[in-house]
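Protein sequences, first through last, are from chains E and D. Here this note's numbering is used: the first residue of the first sequence is 6, the next is one more, and so on. Here this note's numbering is used: the first residue of the second sequence is 6, the next is one more, and so on. Working notes, structure below.
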Amino acid sequence: MDIDLNMKILVIDDFSTMRKVIKNLLKQVGYSDISEAQDGTSALQILKSRNIDFIISDWNMPNMNGLELLKAVRGDSEISSIPFLMVTAEALKDNIVLAVKEGVSNYIVKPFTAEVLNEKIEGIIAKQ
Amino acid sequence: MKYEKLSSLIDGVASDFLFLDEKTIDLPTAGKLINQVEAIISEATAQETEQLRRMAYCLNILLEKVIMDDIDQEVGCSALEKGITTMQEIVNSFSNTGSYKGNIEDFVGHIAGLTGTATEKEEIQDGESVTGEDPSEETVREEEKFEISDESLLRDFIAEGLEYMGEIEVNVLNLEQSPEDKDYINAVFRPFHSIKGVASFLNLSDISKLAHDLENLLDRARSDDLPVTSALIDVILSGSDILKEMIGSLKEVLDGVRTQPATPDISVLKNQINAIDQQGDSAGKVEKLGAILVGDGVITEDTLEDALKTAKEPPSKKLGETLVDEGKATSGQVSQALRKQAHQVVDASTIRVDVRKLGDMVDMVGELVITQAMIRQSPVIQTSVDKKLIEDMSQLSGIISELQKISTGLRMVPIKQTFQRMSRLIRDLSKSTGKKIVAEMAGEDTEIDRNMTEEIYNPLVHMVRNSVDHGIETPEERIRIGKPERGVVRLSACHRGGKIVIEISDDGRGLNKEIILKKAVDKGLVEGSEDLSEHEIYKLLFLPGFSTAEKITDISGRGVGMDVVKQAVEKLRGKIDVSSVEGKGSIFTARFPLTMAIIDGMIVRVGCEKYIIPTISVRQLMRPLREAYNNVAGRGEMLNVMGESMPLVRLHKIFQTDSEHENPWDAVVVVVEAGKRSKCILVDEVMGKEEVVIKSLGERMKNIKGISGSAILGSGSVGLILDPDSLFELSEM
């Protein structure tokens, strides 16, 4: 399956420097249409108002964490099928199983390289 | 159709599974499957089909392993297939015959072998802490020379990182006040977590590692694996300081000020972190769940043994679950036992006590003291010749005295926390004034009454601000006069002569006698002609209306004068002093009573009544000469003391009690000071000086003028403690 480099990606993390890091890595892979959100609420707004093809979200955020955002996305029929890649700091079993049960597409552990990120994204797209 | 639901659930899983293209399971599918399997477990439990429940449980574990990539996909898939097929067999058999005669143990054993026995967290095992990968064990990327890969990214990290770090302190203070509050723990956890995340991307391994260690402690704290003790708070604060330093030094590298980022020595910190980490692990005193249940009589030893055996068999369950399933204990009993177990996991060297309970206990001990005194005064006791009784009373007295000491001791806390707040303040002031100042501490383990810690904070802050503003010179000036560039403000505390002595010293300019004197003269506070000793000149600082601050700096707030400090100190029945060497520095010394509950007082007798005058208010004692007495029309009785004319106060008149002597020259006069006024208090006798325990008079009598409380004297009798201020008012009415 061809990867569409024009894919619209939304990156969510409360730490703006982290968003930049991920954005840079995505650019390295070749993606260019990258939006950012600093929390779940604004992410949901963006998701409902624009066409987003791929979500990359951090797990640990105040107010609404990645898991809660995932639930909200999967629970909203308009946006429920958008691929969701969860960024986590440790491969904690409990968390990951929880996310998988809520329908996460895959997870990726910090820190990662552009290659690993690409693999994960391609893997998800391929299964669609 | 009892098993219809189960049947359709199992069919659902089967069909989803069959639809898989290859023999691999991706995460979303695994998620879907695991949800379905959970539903099967529920329904199987409800329908009491034990075998199906166990099968589904096995598949649950299997799927978890697949998700975590702990098991080979092909192997996992084929095991899943077998499991699902078997489940279909079982449910069909139940639908047709109401039972299943087949054997599932082989399959269960196979799964156990594939997945290993699951250990659950509920039964607290020794040294088990849930953490993810430990970055310090990852392959260490050797950085020979620190290279800046992406400057703008680094700058962003520094700016935002420092912002996050700034939030930590506030939240840590909040956490200190409410150690149980998970929100605060999370608020402190998050910055470390975020910084670790980005730092790992930017190859900042030192920062990443330290942040990880600190984050780890907090993570354990929020899962109740580690109690929030003051040791933990200290480590978090120290760690965050060091982290700030490290991040800040990155900025210096970018700005070209240095070539390598700072690598501060964190060995001490690491030791502290390890110590805390291990303290949390030593669950030595924690009973196992089974033992608690047996101890509570919920189950017998035999039942426990059997249950433990059953629980260990795959799919292994928690002991509690097994007991409930077998009907040997209710879930209520199990959760109660678990709660009991959780309470045992405390920091063995300290315990948390509700402050109210502590207060109640201290009050009760006070009552005990009074009651004992009353018994001792009973004529029966006093005239008794019963040797044993006298001995016993004496022993009782000793015990109660000791008990009182201990209970007052319970309220003592180390002054460390207050000092730490000070040193933070000094650091902040140092930055905002542009002066280089370092804070030193000594005797921070010295204990003070916990009620006092809040009260002394403000006077100490004032003194510190004075040192920073007026004491320490600018770095340039210091270098010019040959001092080290960094000024030192030193906080020290110790117990001396039954008091706590707190000193704030600096190596700054010191006090200039001429300026002080001139200022005082200008303000009309002293006569220019007076010949004052050095000490007396320094004391001028404390007069109201004095203030050497030329302008009201925003640091000092309202251009705080030392008179405010003196008032605050005296409110706590303390005394303040200053000494200085011009050009070298100053020392402010504040002396406080060890606890607010004890007062140093002069015991005086008026007739049969005893009163206590706070020693701090006593200027002098004297027996006046007849000539010194004056009754001035319109002004009342006056006494001439050392050339000063002061009003005479007759306690017996004010308190309407008898007095032995009428004439001042037959009696004793205590010259008492309150604020700026001094008056002569007429008493029959001065009995001595004593440290007495204050007993408040209770709510209804709080506002009685002239009295601030009562005390039990060593003799056992009760005395009222005089309050000079309101007493003076009374005498003028």
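Note that CB positions come from ideal geometry on N, CA and C, so glycine has one too.
- Query: For residue 108 of chain E, which residues in chain D fall below 7 Å Cβ to Cβ?
  - Reply: As a first step, residue 108 of chain E must be located in the first sequence, where it is residue number 103. The contacting residues are 33, 36.
- Query: Does the beta carbon of residue 69 of chain E sit closer than 8 Å to a beta carbon anywhere in chain D?
  - Reply: Locating residue 69 of chain E in the first sequence gives position 64, counting from the first residue. Answer no: the Cβ-Cβ gap between residue 69 of chain E and chain D never drops below 8 Å.
- Query: Beta-carbon of residue 11 of chain D versus every beta-carbon of chain E: anything under 8 Å?
  - Reply: Position 6 of the second sequence, counted from the start, is the residue given in the question as residue 11 of chain D. Judged by the 8 Å Cβ criterion, residue 11 of chain D is not in contact with chain E.
- Task: Taking a Cβ distance cut-off of 7 Å, strictly less, list which residues of the segment 418-448 of chain D are near chain E, in chain order.
- Result: none
- Let me know the secondary structure DSSP gives residue 487 of chain D once reduced to three states. Here residue 487 of chain D is taken as the residue at index 482 of the second sequence, counted from 1. Note: residue 487 of chain D maps to coil in three-state DSSP.
- Query: Touching or not, the segment 579-592 of chain D and the segment 689-700 of chain D, by the rule of three or more beta carbon pairs under 8 Å?
  - Reply: no
- Return the CA-CA distance between residue 645 of chain D and residue 528 of chain D, expressed in angstroms with no decimal places. Here residue 645 of chain D refers to the residue found at position 640 of the second sequence. Here residue 528 of chain D refers to the residue found at position 523 of the second sequence. Distance between the alpha carbons of residue 645 of chain D and residue 528 of chain D is about 28 Å.
- Item | For residue 136 of chain D, the three-state DSSP class (helix, strand or coil) | Counting from 1 along the second sequence, the entry for residue 136 of chain D is found at position 131. The predicted position of residue 136 of chain D is uncertain, since its pLDDT is 36 and thus under 50; a value taken from the coordinates is nonetheless stated next. Three-state result, residue 136 of chain D: coil.
- Query: So residue 13 of chain E and residue 54 of chain E are in contact, right, with Cβ under 8 Å, and what is the actual spacing, rounded?
  - Reply: Here residue 13 of chain E is taken as the residue at index 8 of the first sequence, counted from 1. Here residue 54 of chain E is taken as the residue at index 49 of the first sequence, counted from 1. In fact, because the Cβ distance is near 12 Å, the residues do not count as touching under 8 Å.
- Message: Mapping the DSSP letters down to three states, classify residue 660 of chain D as helix, strand or coil.
- Response: Taking the second sequence and counting its residues from 1, the one referred to as residue 660 of chain D is at position 655. The answer is coil: DSSP assigns residue 660 of chain D none of H, G, I, E or B.
- Task: Pair every Cβ in the segment 683-693 of chain D with every Cβ in the segment 638-658 of chain D, then say whether three or more of these pairs are closer than 8 Å.
- Result: yes
- Message: So, with DSSP's three-state summary, where would you put residue 579 of chain D?
- Response: Translated into positions along the second sequence, residue 579 of chain D becomes position 574. In this structure, residue 579 of chain D counts as coil in the three-state DSSP scheme.
- Does the separation of the CB atoms of residue 474 of chain D and residue 21 of chain E fall below 8 Å? Position 469 of the second sequence, counted from the first residue, corresponds to residue 474 of chain D. Position 16 of the first sequence, counted from the first residue, corresponds to residue 21 of chain E. Contact: no.
- Task: Please name the residue, chosen from D:518, D:549, D:524, that lies closest to residue 538 of chain D on a Cα-to-Cα basis.
- Result: For this step, residue 538 of chain D is matched to residue 533 along the second sequence. It is D:518.
- Query: At least one CB of chain E closer than 8 Å to the CB of residue 170 of chain D: is that the case?
  - Reply: One-based indexing of the second sequence puts residue 170 of chain D at position 165. Judged by the 8 Å Cβ criterion, residue 170 of chain D is not in contact with chain E.
- Task: Mind listing the chain D neighbours of residue 105 of chain E? Cutoff is C-beta to C-beta under 8 Å, in chain order.
- Result: Sequence index remark: in the first sequence, residue 105 of chain E carries index 100 (1-based). Those are 32, 33, 35, 36, 39, 72, listed as they occur along chain D.
- Proximal chain E residues relative to residue 492 of chain D, where beta-carbon distance stays under 8 Å: Sequence index remark: in the second sequence, residue 492 of chain D carries index 487 (1-based). Result: empty, since nearest Cβ-Cβ is about 36 Å, beyond 8 Å.
- Message: Among D:197, D:630, D:615, D:581, whose alpha-carbon lies nearest the alpha-carbon of residue 712 of chain D?
- Response: As a working note, residue 712 of chain D is residue 707 in the second sequence. Residue D:615 is the option with its Cα nearest to residue 712 of chain D.
- Distance, Cα to Cα, residue 598 of chain D vs residue 398 of chain D? As a first step, residue 598 of chain D must be located in the second sequence, where it is residue number 593. As a first step, residue 398 of chain D must be located in the second sequence, where it is residue number 393. So the two alpha carbons sit approximately 30 Å from each other.
- Message: For a quick check, are the C-beta atoms of residue 574 of chain D and residue 729 of chain D less than 8 Å apart?
- Response: Counting from 1 along the second sequence, the entry for residue 574 of chain D is found at position 569. Counting from 1 along the second sequence, the entry for residue 729 of chain D is found at position 724. Their beta carbons are not under 8 Å apart, which means residue 574 of chain D does not touch residue 729 of chain D by this criterion.
- Assign residue 111 of chain E to buried or exposed, taking buried as 16 or more other Cβ atoms, counted over all protein chains shown, within 10 Å of its Cβ. Here residue 111 of chain E corresponds to residue number 106 of the first sequence, with the count starting at 1. Classification for residue 111 of chain E: buried.
- Task: Could you check if residue 103 of chain D is buried or exposed, using at least 16 other CB atoms within 10 Å of its CB as the buried criterion?
- Result: Sequence index remark: in the second sequence, residue 103 of chain D carries index 98 (1-based). Counting Cβ neighbours within 10 Å, residue 103 of chain D comes out exposed, since fewer than 16 surround it.
- Hey, would you say residue 309 of chain D sits closer than 8 Å to residue 295 of chain D, going by beta carbons? Here residue 309 of chain D corresponds to residue number 304 of the second sequence, with the count starting at 1. Here residue 295 of chain D corresponds to residue number 290 of the second sequence, with the count starting at 1. Their beta carbons are under 8 Å apart, which means residue 309 of chain D touches residue 295 of chain D by this criterion.
- residue 422 of chain D versus residue 85 of chain E - alpha carbon distance: As a position in the second sequence, residue 422 of chain D is number 417, starting the count at 1. As a position in the first sequence, residue 85 of chain E is number 80, starting the count at 1. Rounded to whole angstroms, residue 422 of chain D to residue 85 of chain E spans 51 Å at the Cα level.
- Message: Distance cutoff 8 Å, beta carbons only. Does residue 203 of chain D sit that close to anything in chain E?
- Response: Indexing the second sequence from 1 puts residue 203 of chain D at position 198. Residue 203 of chain D counts as touching chain E.
- Query: So, do the segment 252-265 of chain D and the segment 274-285 of chain D have three or more beta carbon pairs nearer to each other than 8 Å?
  - Reply: no
- Query: Considering only C-alpha positions, which residue in the set E:61, E:23, E:11 is nearest to residue 204 of chain D?
  - Reply: Residue numbering aside, residue 204 of chain D sits at position 199 when the second sequence is read from its first letter. When only C-alpha atoms are compared, the closest one is E:23.
- Of all the residues that make up the segment 158-192 of chain D, which are near chain E by a beta-carbon distance shorter than 7 Å? 158, 161, 162, 165
- Item | Where residue 196 of chain D sits in the DSSP three-state scheme | Along the second sequence, read from residue 1 onward, the residue named residue 196 of chain D stands at position 191. DSSP places residue 196 of chain D in helix when its eight states are reduced to three.
- Message: Applying the 10 Å Cβ sphere with the 16-neighbour rule, what's the burial state of residue 104 of chain E?
- Response: Indexing the first sequence from 1 puts residue 104 of chain E at position 99. Buried, by the Cβ-count rule.
- Task: Have a look at residue 117 of chain D and residue 85 of chain D and give me their C-alpha separation to the nearest angstrom.
- Result: In the second sequence, counting from the first residue as 1, residue 117 of chain D sits at position 112. In the second sequence, counting from the first residue as 1, residue 85 of chain D sits at position 80. Cα-Cα distance, rounded: 13 Å.
- Test: residue 142 of chain D CB closer than 8 Å to a CB of chain E: Counting from one through the second sequence, the residue named residue 142 of chain D turns up at place 137. Residue confidence for residue 142 of chain D is low, a pLDDT of 38 falling below 50, so the modelled location carries little weight; the figure read from the coordinates is stated next. Closer than 8 Å: no.
- Any chain D beta carbon closer than 8 Å to residue 94 of chain E: Locating residue 94 of chain E in the first sequence gives position 89, counting from the first residue. Closer than 8 Å to some Cβ of chain D, the Cβ of residue 94 of chain E qualifies, so yes.
- Query: Would a check of beta-carbon distances place residue 195 of chain D closer than 8 Å to chain E?
  - Reply: Taking the second sequence and counting its residues from 1, the one referred to as residue 195 of chain D is at position 190. Closer than 8 Å to some Cβ of chain E, the Cβ of residue 195 of chain D qualifies, so yes.
- Task: Would you mind working out which of D:80, D:425, D:100 sits nearest residue 115 of chain D, comparing C-alpha positions?
- Result: Residue numbering aside, residue 115 of chain D sits at position 110 when the second sequence is read from its first letter. Of the candidates D:80, D:425, D:100, the one whose C-alpha sits nearest the C-alpha of residue 115 of chain D is D:80.
- Item | 6 Å Cβ shell around residue 315 of chain D - same chain, five flanking residues per side excluded | Walking along the second sequence from the start, residue 315 of chain D turns up at place 310. Cβ within range, chain order: 327.
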